[in-house]
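Below you'll find the structure, written out as structure tokens, and then a few comments.
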Amino acid sequence: MAKRPRNRLELREQYEAAEAREREALREAGEDFDEEEDDEDVSDLDLGDSDVEDDEEALIKPKKKAKKAPAKPRKKTAKVVRKRVVWVVFDNSNKKIAQFDYIKKDEALALAEKLKTEKKQTYFVQPFKEEMTE
Numbered sequence: 003m004a005k006r007p008r009n010r011l012e013l014r015e016q017y018e019a020a021e022a023r024e025r026e027a028l029r030e031a032g033e034d035f036d037e038e039e040d041d042e043d044v045s046d047l048d049l050g051d052s053d054v055e056d057d058e059e060a061l062i063k064p065k066k067k068a069k070k071a072p073a074k075p076r077k078k079t080a081k082v083v084r085k086r087v088v089w090v091v092f093d094n095s096n097k098k099i100a101q102f103d104y105i106k107k108d109e110a111l112a113l114a115e116k117l118k119t120e121k122k123q124t125y126f127v128q129p130f131k132e133e134m135t136e
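Residue numbers (our numbering): 3 to 136.
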């Protein structure tokens, strides 16, 4: 199982507590204790908390907003064209012979049968979508 990484703040608290215990031990022993000298030693061993405060002030400054990429031009949508379905009679070479409205499918089939018998060629009927004119 992996060990949890130690927190920098917890380590700092432990260090300061150890320093306080040393000061108390020196005071009880009656030795001269120069706090200014000790503070200088501590500042040499400092983990950079004073620098962190300066960095925090620098970080508080408003950050410049990143420039957005220019918007891509939108594609124009194609105009919707209305369509209608019609029945178309084709011959064997796909030539258009006749055209009927959607509701006149029976007439288109009748014409195809009539042409088959008269000309002895193949004719067929298919639906076809054409644009509506306004």
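Beta carbons: idealized from backbone N, C-alpha and C, even for Gly.
Return the residue from the list LYS78, ASP108, ARG76 that minimises the CA-CA distance to VAL91.
Working through the sequence shown from its first residue, we reach residue 91 at position 89. Among LYS78, ASP108, ARG76, the Cα nearest to that of VAL91 is on ASP108.
What's the C-alpha gap between GLN123 and ALA114?
Here residue 123 refers to the residue found at position 121 of the sequence shown. Here residue 114 refers to the residue found at position 112 of the sequence shown. GLN123 and ALA114: Cα-Cα distance of roughly 10 Å.
Cβ-based burial, ALA110 [other Cβ within 10 Å; buried from 16]:
On the sequence shown, residue 110 is found 108 positions in, with the first residue counted as 1. It counts as buried.
Using 10 angstroms around the beta-carbon of TYR104, count the other beta-carbons present and answer buried if the total reaches 16, otherwise exposed.
Taking the sequence shown and counting its residues from 1, one reaches residue 104 at position 102. Classification of TYR104: exposed, given that the 10 Å Cβ count is below 16.
Apply the 10 Å Cβ neighbour rule to VAL82 and answer buried if 16 or more other Cβ atoms are within range, or exposed otherwise.
Stepping through the sequence shown from its first residue, residue 82 is reached at position 80. Exposed, by the Cβ-count rule.
My parser needs the beta strand (DSSP E) runs of 3 or more residues fully inside the stretch 67-131; what are they?
85-93, 98-103, all fully within the stretch 67-131.
Taking 7 Å as the limit between beta carbons, can you name the residues of its chain near GLU38, skipping five residues before and five after?
Along the sequence shown, one-based indexing puts residue 38 at 36. Note that GLU38 scores a pLDDT of 47, beneath 50, so its modelled location is shaky and nothing firm can be said.
In angstroms, rounded to a whole number, what distance separates the CA positions of PHE102 and VAL88?
Within the sequence shown, numbered from 1, the residue matching residue 102 stands at position 100. Within the sequence shown, numbered from 1, the residue matching residue 88 stands at position 86. Spanning the two alpha carbons is a distance of roughly 6 Å.
Just list the residues that DSSP pairs GLU133 with in beta bridges.
One-based indexing of the sequence shown puts residue 133 at position 131. DSSP, once it has assigned bridges, lists LYS85 as partnering GLU133.
Distance CB(ARG76)-CB(GLU133) smaller than 9 Å:
By one-based count along the sequence shown, residue 76 stands at place 74. By one-based count along the sequence shown, residue 133 stands at place 131. Between ARG76 and GLU133, the C-beta spacing is not below 9 Å.
Spatial neighbours of ALA73 in its chain, beta-carbon cut-off 7 Å, leaving aside the 5 residues before and after:
For the purposes of this step, residue 73 is taken as the residue at position 71 of the sequence shown. Excluding positions up to five away in sequence, the list is empty.
Is DSSP giving ALA10 helix, strand or coil here?
Along the sequence shown, one-based indexing puts residue 10 at 8. First, the residue type needs correcting, since residue 10 is Arg and not Ala in the sequence shown. Looking at ARG10 - three-state DSSP - the assignment turns out to be helix.
Residues in the same chain with beta-carbon distance under 8 Å from PHE1, minus the five sequence neighbours each way, listed in chain order, please.
Residue 1 is absent from the model: the chain starts at 3 and stops at 136.
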